[in-house]
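> Structure incoming, see below.
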Amino acid sequence: MAPSLEEPIQVDFDAPLKVAPKLVAPEPEHCPGPESEKAGLADNCAGCPNQAICASAPKGPDPDIPLITARLSSVKHKILVLSGKGGVGKSTFSTMLSHGFSANPDSTVGLMDTDICGPSIPKMMGVEEETIHVTAEGWEPVWVSENLGVMSVQFMLPNRDDAVIWRGPKKNGLIKKFLMDVTWGELDFLIVDTPPGTSDEHLSVNSFLKASGVDGAVLVTTPQEVSLLDVRKEIDFCRKASIPILGIVENMSGFVCPGCKHESQIFRASTGGARKLAKDENIAFLGAVPLDPRIGMACDYGESFLTAYPDSPACSAIKQVVRRVGEQMGLRAEDVLPEEDQ
Amino acid sequence: MPLDNVRNIVLVLSGKGGVGKSSITTQLALTLSLQGHTVGVLDIDLTGPSIPRFFGIESSKVRQAPGGWIPVDVHAKQTLPPRNSEEQAIGALSCMSLGFILPNRSDAVIWRGPKKTAMVRQFLTDVLWPEIDYLLIDTPPGTSDEHISLLETLLKNTNPTPSANLPYLAGAVVVTTPQAISISDVKKELNFCRKTAIRVLGVVENMAGFVCPNCSECTNVFSKGGGEIMARDFAVPFLGSVPIDPAFVQLVEEGTRPVYPEGTKVDGIEVAGALDASPEGLFVDKYRDCSLYPLFDGFVKRLVQDIKTIS
Chain A
1 MAPSLEEPIQ
11 VDFDAPLKVA
21 PKLVAPEPEH
31 CPGPESEKAG
41 LADNCAGCPN
51 QAICASAPKG
61 PDPDIPLITA
71 RLSSVKHKIL
81 VLSGKGGVGK
91 STFSTMLSHG
101 FSANPDSTVG
111 LMDTDICGPS
121 IPKMMGVEEE
131 TIHVTAEGWE
141 PVWVSENLGV
151 MSVQFMLPNR
161 DDAVIWRGPK
171 KNGLIKKFLM
181 DVTWGELDFL
191 IVDTPPGTSD
201 EHLSVNSFLK
211 ASGVDGAVLV
221 TTPQEVSLLD
231 VRKEIDFCRK
241 ASIPILGIVE
251 NMSGFVCPGC
261 KHESQIFRAS
271 TGGARKLAKD
281 ENIAFLGAVP
291 LDPRIGMACD
301 YGESFLTAYP
311 DSPACSAIKQ
321 VVRRVGEQMG
331 LRAEDVLPEE
341 DQ
Chain B
1 MPLDNVRNIV
11 LVLSGKGGVG
21 KSSITTQLAL
31 TLSLQGHTVG
41 VLDIDLTGPS
51 IPRFFGIESS
61 KVRQAPGGWI
71 PVDVHAKQTL
81 PPRNSEEQAI
91 GALSCMSLGF
101 ILPNRSDAVI
111 WRGPKKTAMV
121 RQFLTDVLWP
131 EIDYLLIDTP
141 PGTSDEHISL
151 LETLLKNTNP
161 TPSANLPYLA
171 GAVVVTTPQA
181 ISISDVKKEL
191 NFCRKTAIRV
201 LGVVENMAGF
211 VCPNCSECTN
221 VFSKGGGEIM
231 ARDFAVPFLG
241 SVPIDPAFVQ
251 LVEEGTRPVY
261 PEGTKVDGIE
271 VAGALDASPE
281 GLFVDKYRDC
291 SLYPLFDGFV
301 KRLVQDIKTI
311 S
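Quick note, the sequences are listed as chains A and B, same order.
First residue of the first sequence: 1, per UniProt numbering; consecutive thereafter.
First residue of the second sequence: 1, per UniProt numbering; consecutive thereafter.
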């Protein structure tokens with residue numbers, strides 16, 4: 001039989017989640033999802049060994065969602081960092097954003113890494129060797145400084161080079177635990193770093209956080225069309241999932257040769273870059289961060305680029321972006337990141 | 001039987017996103033074709049397919065035939081006009097990607113695992129490839145649904161040793177960038193290959209250094225050497241380092257022939273480049289002027305030799 005070119009079924013964003021039942025067989029390809037309302041009842045469920053289990057599972061919304069909402073009620077602002085494309089600097093930007101926010105001693109910041117297969121945050125934060133402490137109340141995040149806490153799957157791996165070869169549902173379970181069991185405490189900002197794409201992790205983060213309210217998403221891209229192409233998909237995702245978009249950041253834009261000070265566009269913005277995309281899609285352009293080899297080095301050594309090289313052009317660009325993110329959330333730029341006294 | 005016409009299968013993997021998997025896949029495919037092999041490229045990155053953009057065939061659509069999908073042709077088998085001295089006979093190149101199926105290029109594909117698993121399986125079983133020598137499979141970052149499904153299906157339908165009637169799963173090319181952040185993710189991918197008993201044909205270190213087009217000085221934007229050390233630690237072959245070449249980016253983005261300022265050197269060899277940046281000609285023809293082509297020519301010769309000696 002010839003395969004069909006029909007448009008694939010998209011995920012239903014409005015359906016409330018319920019608890020996923022324990023399945024006896026892997027989910028089949030047209031599975032409506034064991035946590036969906038139609039589980040066990042849809043046409044595609046006929047003949048599936050899980051059908052009876054799905055159909056008889058308790059209906060109604062997932063009882064864990066109120067727990068997540070309660071746990072996160074002490075978090076004032078929740079920001080997602082998204083990008084359709086990998087390696088554009090989501091994690092780098094997330095660390096910058098959290099270092100930026102935590103530069104204000106009055107704010108407490110949490111950073112959650114939902115990239116299960118390729119967690120980079122612990123290394124960038126210089127806390128790779130840490131492990132999680134379990135207390136009676138839940139999991140204690142790893143504190144990088146007084147007011148900056150981090151959570152990542154990396155802290156739970158016995159060997160740091162181990163591959164995490166997990167399918168979607170298992171990843172979703174862990175993300176749920178991160179939201180439900182981590183004792184973030186009073187936070188001003190919770191930054192959620194995501195893996196590339198528009199799949200399980202993104203859907204889960206969105207559906208688990210919907211009830212507690214997300215301030216919005218910051219999209220990260222590089223200037224070239226190959227990357228913008230994927231970011232357009234991410235914008236489409238945010239619109240479909242009704243996640244507000246705080247704005248778009250262009251990373252790796254322009255490189256100044258240390259030899260001759262000539263600025264070249266390594267990743268040429270042949271289609272107008274993020275600035276034009278932001279205009280076309282009517283979203284805020286938060287700024288452009290130039291490519292600086294020292295950013296990558298600071299990340300490799302787990303240092304804060306902002307404190308290591310405060311005079312570099314990249315640093316002032318990042319600080320500007322941090323302030324703009326704050327403004328987009330309706331905060332005063334001065335409260336988010338005070339101007340330094342000269 | 002699916003994959004009946006395919007002789008050898010090579011995966012392109014990386015734990016990290018944006019290190020240039022698709023870019024490396026594209027160049028490996030072009031170089032294999034330039035060496036006269038018939039090549040197919042399968043893009044199983046479902047949420048961010050970039051292969052159509054790389055080959056400049058974004059508007060193409062997959063056709064349906066009884067029994068499956070017909071991949072999109074990039075170029076047919078032909079003889080290219082002489083560049084230096086002699087004419088060059090190239091093999092046919094065709095591609096398959098989810099990008100060719102989506103009605104709109106900016107539509108998001110928001111799928112959970114089981115649906116992705118099914119799509120990957122369908123890509124492996126329902127594509128009517130012509131007779132091809134090498135099938136390159138470009139993967140998304142990570143070690144999750146797509147990868148598990150890919151290997152489950154491949155291990156069922158291929159041979160771990162070359163044989164007359166089944167495609168041979170030759171192994172994987174692992175791509176990394178030099179910085180420690182990327183290396184730590186790619187180590188996970190190497191462990192994944194170990195667990196699933198996929199042979200690592202070689203590690204390529206991408207984005208190692210950038211040659212300033214103004215003063216032709218090489219800067220290590222993302223440091224250098226990490227890939228080679230990692231390959232040594234894991235006792236897998238290291239194919240080489242690939243610098244960032246803005247002319248290649250421009251070739252992909254705007255389709256113009258690569259032009260270099262006089263005195264540009266890559267790996268100590270003077271790069272000739274084209275005389276003018278004309279957009280005329282086939283993509284594969286224009287690629288012959290790219291500074292990266294000699295590098296990839298070396299990689300591919302080594303890969304082809306390796307695959308032959310094992311068989």
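Beta carbons: idealized from backbone N, C-alpha and C, even for Gly.
Please read these numbers as outputs of a predicted model, since none were measured by experiment.
With DSSP collapsed to three states, give me the class of F296/B.
Helix, per DSSP.
> Under 8 Å between C-beta atoms, does R232/B make it to chain A?
So no, R232/B is outside the interface.
> For L67/A, name the three-state secondary structure that DSSP assigns.
Reduced to three states, the DSSP call for L67/A is helix.
> Taking C-beta pairs closer than 7 Å, name the residues in chain A that N191/B reaches, listed in chain order.
Chain A residues near N191/B: D161, D162 and A163.
> Look at G247/A and F285/A and say whether their C-beta atoms are less than 8 Å apart.
Taking 8 Å as the Cβ cut-off, G247/A and F285/A qualify as a contacting pair.
> So who's on the other strand from C95/B, going by DSSP bridges?
BP columns for C95/B point to V41/B and V72/B.
> DSSP has Q305/B in a bridge; who is on the other side?
Partner(s): none; Q305/B has no beta bridge.
> Would you identify the three-state DSSP class for M112/A, choosing helix, strand or coil?
Strand at M112/A.
> Below 8 Å on C-beta distance, what does P293/A contact in chain B?
In chain order: T219, N220, V221, F222 and S223.
> CA-CA distance, K170/A and G202/B?
Each residue's alpha carbon lies about 31 Å from the other.
> If you drop the 5 nearest sequence neighbours on each side, which residues of the same chain put their C-beta closer than 7 Å to that of G138/A?
The residues are D181, V182 and T183.
> List the whole-angstrom C-beta distance separating V186/B from M207/B, where the pair is believed to meet the contact cut-off of C-beta under 8 Å.
So it is not a contact: roughly 13 Å between Cβ atoms.
> Do K319/A and G100/A have their C-beta atoms within less than 8 Å of each other?
Yes; because the gap between Cβ atoms is below 8 Å, this pair is in contact.
> Assuming N8/B is part of the beta strand (DSSP E), what are its boundary residues?
Its beta strand (DSSP E) spans residues V6 to L13.
> Going along the chain, which unbroken runs of the alpha helix (DSSP H) with 4 or more residues stay wholly within the region 81-129 of chain A?
For the region 81-129 of chain A, whole alpha helix (DSSP H) runs of length 4 or above, ordered along the chain, are 90-102 and 121-125.
> Do the region 136-155 of chain A and the region 224-235 of chain A make contact, defined as three or more Cβ pairs closer than 8 Å?
Output reads no: the region 224-235 of chain A does not touch the region 136-155 of chain A.
> Under 8 Å between the Cβ atoms of G252/B and Y260/B?
Here residue 252/B turns out to be Val, not Gly, going by the sequence shown. No, the Cβ-Cβ distance between V252/B and Y260/B is not below 8 Å.
> Which bits of chain B does E234/A rub up against, with CB to CB less than 8 Å?
Here the neighbours are A108.
> With distances taken from CA atoms, which of R199/B, T143/B and I132/B is nearest T161/B?
Looking at the Cα atoms, R199/B is the closest of the given residues.
> Determine, using beta carbons only, whether N251/A comes closer than 8 Å to chain B.
By this cut-off, N251/A is not an interface position.
> Which partner residues of M151/A appear in the DSSP bridge assignment?
M151/A pairs with M112/A.
> Between which two residues does the beta strand (DSSP E) carrying D193/A extend?
Counting along the chain, the beta strand (DSSP E) containing D193/A begins and ends at L187 to D193.
> Can you give me, in chain order, the residues of the region 133-150 of chain B that have a beta carbon less than 8 Å from any beta carbon in chain A?
Within the region 133-150 of chain B, the qualifying residues are P140, P141, G142, T143, S144, D145, H147 and I148.
> Name the chain B residues that come within less than 9 Å of M124/A, Cβ to Cβ?
Within 9 Å Cβ-Cβ: I181.
> Is it true that the region 274-285 of chain A meets the region 241-255 of chain A, where meeting means three or more beta-carbon pairs spaced less than 8 Å apart?
The answer is yes - the region 241-255 of chain A touches the region 274-285 of chain A, with three or more Cβ pairs under 8 Å.
> Nearest to L124/B by CA position, among I310/B, N191/B and M96/B, is which residue?
L124/B has its Cα closest to that of M96/B, out of I310/B, N191/B and M96/B.
> Starting from Q51/A, find everything on chain B with Cβ-Cβ shorter than 7 Å and list it in chain order.
Chain B residues near Q51/A: none, gap ~15 Å exceeds 7 Å.
> Here's a check: name, in chain order, each residue in its chain whose Cβ is nearer than 7 Å to the Cβ of A2/A, leaving out the five neighbours to either side.
Confidence in A2/A is poor, its pLDDT being 44 and thus under 50, which makes the residue's placement too unreliable to answer from.
> For Q169/B, which residues from the same chain have a beta carbon less than 6 Å from its beta carbon, with the 5 sequence-adjacent residues on both sides left out?
Looking at the sequence itself, residue 169/B is Leu, so the reference to Gln does not match. Within the same chain, L169/B has close Cβ partners I9, L154 and T158.
> Would you list the residues sitting across from E270/B in a DSSP beta bridge?
E270/B is bridged to K265/B.
> What residue range does the beta strand (DSSP E) around D311/A cover?
Element bounds for D311/A: n/a, residue is neither H nor E.
> Compare the beta carbon distance of I266/A and P246/B with 8 Å and say whether it is the shorter of the two.
For I266/A and P246/B, yes; Cβs fall inside 8 Å.
> Which residues, taken in chain order from the region 125-141 of chain A, show a beta carbon closer than 9 Å to some beta carbon of chain B?
Within the region 125-141 of chain A, the qualifying residues are E128.
> Does the Cβ-Cβ distance between L46/B and E205/B come in under 8 Å?
No. Outside cutoff.
> Along the chain, where does the beta strand (DSSP E) that runs through F285/A open and close?
Run containing F285/A: F285 to A288, per the beta strand (DSSP E) assignment.
> For H147/B, which three-state DSSP category applies?
In the structure shown, H147/B sits in a helix (DSSP, three-state: H, G or I).
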